[in-house]
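Enquirer: Residue numbers (my numbering), protein chains in the order written: chain A, 1 to 361; chain B, 1001 to 1361. Every residue, glycine too, gets a C-beta built ideally from N, C-alpha and C. Everything numeric in this text was worked out from a predicted model, so none of it was measured.
(1) Taking Cβ positions only, does residue 279(A) come closer than 8 angstroms to chain B?
(2) Do three or more CB pairs link the region 1289-1297 of chain B to the region 1217-1235 of chain B at distances below 8 angstroms?
(3) Is the CB of residue 224(A) under 8 angstroms away from at least one CB in chain B?
(4) Do three or more CB pairs link the region 1016-1034 of chain B to the region 1055-1071 of chain B at distances below 8 angstroms?
(5) Name the DSSP beta bridge partners of residue 324(A), please?
(6) With a cut-off of 8 angstroms, does the C-beta of residue 1(A) fall near any C-beta of chain B?
(7) Closer than 8 angstroms by beta-carbon distance: list the chain A residues that pair up with residue 1100(B), in chain order.
(8) When you compare the CB positions of residue 356(A) and residue 80(A), do they come within less than 8 angstroms of one another, or not?
(9) For residue 182(A) and residue 345(A), I'd like the C-alpha separation in whole angstroms.
(10) Strictly below 8 angstroms CB to CB, what residues from chain A border residue 1274(B)?
(11) Return the Cβ separation of residue 1014(B) and residue 98(A) in integer angstroms, given the expectation that the two are a contact with Cβ distance under 8 angstroms.
(12) DSSP beta-bridge partners for residue 1055(B)?
(13) Using beta carbons (cut-off 8 angstroms, strictly below), is residue 1337(B) in contact with chain A?
(14) Starting from the beta carbon of residue 1118(B), find every residue of chain A whose beta carbon is closer than 8 angstroms, and list them in chain order.
(15) Does the CB of residue 1213(B) have a neighbour CB from chain A at under 8 angstroms?
(16) Quick check on the DSSP output: the alpha helix (DSSP H) that includes residue 1021(B) runs from which residue to which?
(17) Name the DSSP beta bridge partners of residue 1264(B), please?
(18) Measuring alpha carbon to alpha carbon, tell me which of 1255(B), 1310(B), 1347(B) and 1092(B) ends up nearest residue 1175(B).
(19) Mapping DSSP to helix, strand and coil, what is residue 1160(B)?
(20) Could you list which residues in chain B have their beta carbon closer than 8 angstroms to that of residue 285(A), in chain order?
(21) Grab the span of the beta strand (DSSP E) containing residue 1138(B) for me, first residue to last.
(22) Rounded to whole angstroms, what's the CA-CA distance from residue 316(A) to residue 310(A)? Just pull it up for me.
(23) Roughly how many whole angstroms lie between the Cα atoms of residue 297(A) and residue 308(A)?
(24) Suppose the cutoff is 6 angstroms on Cβ atoms and the five residues either side in sequence are ignored; what does the same chain contact list for residue 300(A) look like?
(25) Answer with yes or no whether the minimum CB distance from residue 305(A) to chain B is below 8 angstroms.
(26) Please confirm whether residue 342(A) has its beta-carbon closer than 8 angstroms to some beta-carbon of chain B.
(27) For residue 122(A) and chain B, any beta-carbon pair shorter than 8 angstroms?
(28) At 8 angstroms on the CB atoms, spell out the chain A contacts of residue 1186(B), in chain order.
(29) Quick check: the Cα distance between residue 1127(B) and residue 1177(B), rounded to an integer number of angstroms?
(30) Determine the direct distance from the alpha carbon of residue 129(A) to that of residue 1269(B), and round the result to whole angstroms.
(31) For chain B, check one thing: does any of its Cβ atoms lie closer than 8 angstroms to the Cβ of residue 269(A)?
(32) Run through DSSP, which three-state label would residue 1101(B) get?
(33) Judging by CA-CA distance, which residue of 1168(B), 1276(B) and 1158(B) is the nearest neighbour of residue 1136(B)?
(34) Under 8 angstroms by Cβ, that's how I've got residue 215(A) and residue 245(A) pegged, so tell me the actual separation to the nearest angstrom.
(35) In its own chain, which residues sit with a C-beta less than 7 angstroms from the C-beta of residue 1110(B), not counting the 5 before and 5 after it?
(36) Output yes if chain A places a C-beta closer than 8 angstroms to the C-beta of residue 1004(B); else output no.
Laid out in structure tokens, this is it:
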């Protein structure tokens, strides 16, 4: 890759105020089309996770491309997406708490809502929240098939919880949800086979089997899932390139930063720090890839400064120069901005509002 | 410290929606008074850094307590603070870029503004931005006295740049700024002595000598500085406790989170992840201190999940229980929220809006 001497298109340069998060809409649209094609080809419904973009505009692109609805991690994200017109929403999270139960009931009256749980306390909370409601709330039981985040850890526990859910007035057991580990799906295949057999014995219908994750997107359908939820694929990031799930050309979200200081030989400072890029390392040793200086290392961040080792660079970035950074992790970066600058074929193409930015509750 | 069985005051519990950032206003006010007293006692003007709270309400408390003005890291923060009524603002940053120069000129016409630089490109940009303006822009030259972030690295370079600034129409050389390393101030003392001697030889008036940093707050005045800018002291955090700059009782900002899952023995999951706490480790091995479970370890974060090892805990947190987390680093946490919940003596006391949240440009 030849470093571009001027990474900022002329049309953009005059109005660019760094640090800026810039999305190549043409790249994002290609990513959206590709994942949709993978789902369609495998006969799996596409339910993208909005955690990465948190934007009504991108949601619209995903729905127009064929997605059946969206996935949200937090209730607050779901509320924003409902206001933006999404009417089929999965919250892939244990939603728990007095205030959240009130909000959940309101949202369930408004859209086709599915939630999930991995324990009885959460399930009982859903039942309490839905007491007296006519339309039951669809509930998926989360399975831990090897990622060891949330999820019931054995097929027995999954089906026991499924039976508990099915027995609650106000709730409807709708199936299972999993977030398989990146890479090998064998444990998930075996876990799911046991869940299917046990559900069948107990007369429980697995209407929905929802899998997800961008790293495994090329294997969509391997679990005979009915739905797939991926999030990061829409923008991709350095981590996804590392996983082999994307190439640099598939990365739609970049941070543009300005060199503001060259305090000593071999080191320059950028105007982007952890309040722009986050401190997520994701297994990397530095904080993002400088696309115009591949031999440089963004080795440290202060809140508003990026420390760059340029001692291995043949050409040095000048003070005032704008450089492009591929973030290690796209999702928390877009969560730091109110809006993204868009381009299409390198030409400015408006802005995207991060409508659900900061919706952590 | 005895773990509190119910960390959430009854009055708060009914309306609390987690994860929430909660500020004990009485603690923050005590911190504000203490730092002000240290400055006053040393005859040093107090110019608090707003990066930690980014709030007009807290700025007002600081000004009422005796601060002469505020410090901002980014121009966008300064614009918000000017709108909130601050009229004496220091931007402790190399402000650079066509759009920023326009904004800077507008802001300089509105408030008493001081900026800083550590190189000629930035200084020349200020001069260009201020061309034709009647009132010159006050400029500090940043010195690197051992932190190795920004700053001219030798007294010679500082004074050379100071002379360059002084020679520009539209600019007024106002003095120097430094951010000494945490701990030993000897290097800063020596650096500054040389700067003073050289400035004197060149007839340059050091009207302002601005030092800063919460870790060194107990040594305010040691550099014979005229101004001190500290930010984190208003809330403090786990890092400041580690530095010995604060005790647990001085920590005003906590994150309240709910236990949403107990997927396997020895591990519970919180509804706060990196989109709430950030991934800032600041030298710690885990992501925050659970004040109600000091033997637990918040060892990993996903975007919306906190992984807690509770295998060493005598008592286990129950699903649905709310726990309090002392963040490793307060500043980027408040930057993730639109508003903070306030308490006074544990009783809810309204909200604070994070008016300058996300102002990275």
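Expert: Checking against the coordinates, here is how it stands:
(1) Counted from its first residue, the first chain places residue 279(A) at position 279. Yes - at least one Cβ of chain B is within 8 angstroms of the one on residue 279(A).
(2) no
(3) On the first chain, position 224 is the one that residue 224(A) refers to. It does not: the Cβ of residue 224(A) has no partner Cβ on chain B nearer than 8 angstroms.
(4) yes
(5) Start at 1 with the first residue of the first chain, and residue 324(A) comes out as number 324. Answer by DSSP bridge pairing, in chain order: 256(A).
(6) For the purposes of this step, residue 1(A) is identified with residue 1 of the first chain, where counting begins at 1. Note that residue 1(A) has pLDDT 37, beneath the 50 cutoff, so the model's placement of it is unreliable and the number below is only indicative. Judged by the 8 angstroms Cβ criterion, residue 1(A) is not in contact with chain B.
(7) As a working note, residue 1100(B) is residue 100 in the second chain. In chain order: 17.
(8) Walking along the first chain from the start, residue 356(A) turns up at place 356. Walking along the first chain from the start, residue 80(A) turns up at place 80. Yes, the Cβ-Cβ distance between residue 356(A) and residue 80(A) is below 8 angstroms.
(9) Position 182 of the first chain holds residue 182(A). Position 345 of the first chain holds residue 345(A). About 32 angstroms.
(10) By one-based count along the second chain, residue 1274(B) stands at place 274. By Cβ distance, chain A contributes 278, 280 and 332.
(11) As a working note, residue 1014(B) is residue 14 in the second chain. As a working note, residue 98(A) is residue 98 in the first chain. Yes, they are in contact, since the Cβ atoms of residue 1014(B) and residue 98(A) sit about 7 angstroms apart, within 8 angstroms.
(12) Counted from its first residue, the second chain places residue 1055(B) at position 55. According to DSSP, residue 1055(B) bridges with nothing at all.
(13) The residue you call residue 1337(B) lines up with position 337 of the second chain. Chain A, which has a Cβ nearer than 8 angstroms to the Cβ of residue 1337(B), makes this yes.
(14) The residue given as residue 1118(B) occupies position 118 in the second chain. Under the 8 angstroms cutoff, chain A gives 261 and 263.
(15) Taking the second chain and counting its residues from 1, the one referred to as residue 1213(B) is at position 213. By this cut-off, residue 1213(B) is not an interface position.
(16) Within the second chain, residue 1021(B) is the residue found at index 21, counting from 1. Taken as a continuous stretch (DSSP letters only), residue 1021(B) belongs to no alpha helix (DSSP H), being part of the beta strand (DSSP E) at 1020-1024.
(17) The count along the second chain starts at 1 and reaches residue 1264(B) at position 264. Paired residue(s): 1267(B).
(18) Position 175 of the second chain, counted from the start, is the residue given in the question as residue 1175(B). Comparing Cα positions, the closest option is 1092(B).
(19) Translated into the one-based positions of the second chain, residue 1160(B) becomes position 160. If DSSP states are grouped into helix, strand and coil, residue 1160(B) belongs with the helices.
(20) For the purposes of this step, residue 285(A) is taken as the residue at position 285 of the first chain. Chain B residues near residue 285(A): none, gap ~14 angstroms exceeds 8 angstroms.
(21) The count along the second chain starts at 1 and reaches residue 1138(B) at position 138. From DSSP, the beta strand (DSSP E) with residue 1138(B) extends over 1137-1143.
(22) Here residue 316(A) refers to the residue found at position 316 of the first chain. Here residue 310(A) refers to the residue found at position 310 of the first chain. Residue 316(A) and residue 310(A): Cα-Cα distance of roughly 7 angstroms.
(23) In the first chain, counting from the first residue as 1, residue 297(A) sits at position 297. In the first chain, counting from the first residue as 1, residue 308(A) sits at position 308. Distance between the alpha carbons of residue 297(A) and residue 308(A): 5 angstroms.
(24) In the first chain, residue 300(A) corresponds to position 300, counting from 1. Contacts found: 307.
(25) Locating residue 305(A) in the first chain gives position 305, where the first residue counts as 1. Yes, contact with chain B.
(26) Along the first chain, read from residue 1 onward, the residue named residue 342(A) stands at position 342. For residue 342(A), the answer is no, since every Cβ of chain B falls outside 8 angstroms of its Cβ.
(27) The sequence position of residue 122(A) within the first chain is 122, counting from 1. With 8 angstroms as the cut-off, residue 122(A) counts as an interface residue toward chain B.
(28) For the purposes of this step, residue 1186(B) is taken as the residue at position 186 of the second chain. Here the premise fails: no neighbours, minimum Cβ distance about 20 angstroms.
(29) For the purposes of this step, residue 1127(B) is taken as the residue at position 127 of the second chain. For the purposes of this step, residue 1177(B) is taken as the residue at position 177 of the second chain. Approximately 19 angstroms, taken between the alpha carbons.
(30) Indexing the second chain from 1 puts residue 1269(B) at position 269. Indexing the first chain from 1 puts residue 129(A) at position 129. Cα-Cα distance, rounded: 22 angstroms.
(31) Locating residue 269(A) in the first chain gives position 269, counting from the first residue. Output row for residue 269(A): interface = yes.
(32) Numbered from its first residue, the second chain carries residue 1101(B) at position 101. Three-state DSSP puts residue 1101(B) in a helix.
(33) Position 136 of the second chain holds residue 1136(B). Ranking the options by Cα distance to residue 1136(B), first place goes to 1168(B).
(34) To locate residue 215(A), count along the first chain from 1; it is residue 215. To locate residue 245(A), count along the first chain from 1; it is residue 245. About 5 angstroms separates the two Cβ atoms, so the contact holds.
(35) Indexing the second chain from 1 puts residue 1110(B) at position 110. Counting only Cβ-Cβ distances below 7 angstroms, and skipping sequence neighbours, we find 1082.
(36) Position 4 of the second chain holds residue 1004(B). A caution first: residue 1004(B) carries a pLDDT of 44, below 50, which makes its placement in the model unreliable, though a value can still be read off. Taking Cβ atoms only, chain A never reaches closer than 8 angstroms to residue 1004(B), which makes this a no.
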